[in-house]
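Asks: Numbered by my numbering, the letters in the sequence shown go through residues 887 to 1157 in order. Cβ coordinates follow ideal geometry from the N, Cα and C atoms, glycine included.
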Amino acid sequence: MIEVAVTGASGRMGSEIIKTLLKQNDMKVVAAIEAPNTPLEGKDIGEVIGAGSINVPVNGAEMLAEVLAKKNPHVLVDFTIANAAVNTVKTAAKYGVNVVVGTTGFSDDQLNEMGESIKENQIKAVIAPNMAVGVNVFFKVLKELSKILNDYDIEIIEAHHKHKADAPSGTAVKAFEIIADELGRNKTCVYGRQGIVGARTEEEIGMHAVRGGDIVGDHTVLFAGDGERIEIVHRAHSRQAFVNGVIKAIRYVMEAPEGEISDMADVLGLK
Ligand SMILES: NC(=O)c1ccc[n+]([C@@H]2O[C@H](COP(=O)([O-])OP(=O)(O)OC[C@H]3O[C@@H](n4cnc5c(N)ncnc54)[C@H](O)[C@@H]3O)[C@@H](O)[C@H]2O)c1
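1) Do you know how far the Cα of V916 is from the Cα of I1118?
2) On the three-state DSSP scale, how would you describe R1079?
3) Got a sec, what are the start and stop residues for the alpha helix (DSSP H) A917 sits in?
4) With distances taken from CA atoms, which of M899, T977, G894 is nearest Q1126?
5) Please report the straight-line C-alpha distance between I1133 and H1105, rounded to a whole angstrom.
6) Drop a sphere of 10 angstroms on the beta-carbon of K1010, count the other beta-carbons inside from all chains shown, and report buried for 16 or more, exposed for fewer.
7) Please classify M1140 as buried or exposed, where buried requires at least 16 other C-beta atoms within 10 Å of its C-beta.
8) Which of the three DSSP states is assigned to M1150 in this structure?
9) Would the C-beta of M1140 count as close to ligand 1, meaning under 7 Å from any of its heavy atoms?
10) When burial is assigned at 16 or more other CB atoms within 10 Å of the CB, is H1120 buried or exposed?
11) Taking contact to mean 3 or more Cβ pairs, one atom from each stretch, closer than 8 Å, check whether the segment 1093-1101 and the segment 1047-1058 are in contact.
12) Near A971, what residues of its chain come up, given a Cβ to Cβ distance below 7 Å and the 5 sequence neighbours on each side ignored?
13) Who are the Cβ neighbours of S1124 in its own chain at under 8 Å, not counting the five residues just before and after it?
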């Protein structure tokens, strides 16, 4: 039985993850952590998310170390916000708890900080800005297209719900990195365009963030040449697409290499 702690337990992703964890025969929710001094302190997380009583109380993040020491979970799943997640990963690493992190919006320094802690404490980790299986196939196709259409103009367009905190999305940033790596030239990301911007350069990759309503997550990469264009599009219909990937990541992380950060391409065998 894989024992799992969830941070951001009552959030949009955390609550869906817990509902799906409850349906797995080989997994058990043992701890539910929310923001520090949460008003949900002590309430049963099952009841909070409308799944019925599961006898797991919500604890505020100020109790994280204590809860991890007491419950000793195999895996901690984090879908919160970047600043919080860095501390959560460092605490989990200190207590020898493996991590699956879906939180987005990390700076390079924050990613390095987590990476050092994971290495130092030799825990196993999956960190991925998009856990949907389809998106990770989209990344693979994107790499191939970038190789073939290397002289086309490339633009990235993402759309998300009105509550999303960070922009552009972690998935769009990863798409940019894949293209820039593949093309092996100095690509610059140009965010939106406004005013008299003049002709686009060959080096730039445009990045556009749309926000509105309840859009779960759309990503388009456009390759425009003279007289034609190709667009590859991924649309998430519901958060279940991400949650299914999280479940795969939890099973994978138990067998992942120690002290390293694995990604969804590792989880899905796409490398
Ligand atoms: N990797 C993926 O596949 C994927 C998919 C969807 C969303 N995300 C990312 O997951 C994150 C969460 O998204 P969401 O829509 O669920 O957000 P949300 O705001 O609904 O949920 C975040 C939860 O984290 C809680 N929280 C804040 N600080 C905390 C702390 N220190 N400890 C514990 N909990 C804390 C909040 O109270 C909230 O309940 C975002 O960064 C989002 O971009 C990733």
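Replies: Taking the definition as stated:
1) 40 Å
2) Shown here, R1079 sits in coil according to DSSP, grouped into three states, outside any helix or strand.
3) Per DSSP, A917 belongs to no alpha helix (DSSP H); it is in the beta strand (DSSP E), 913-920.
4) Nearest of M899, T977, G894 to Q1126, Cα basis: M899.
5) 22 Å
6) buried
7) exposed
8) helix
9) no
10) H1120 should be labelled buried.
11) yes
12) D964, V987, T989
13) V1102
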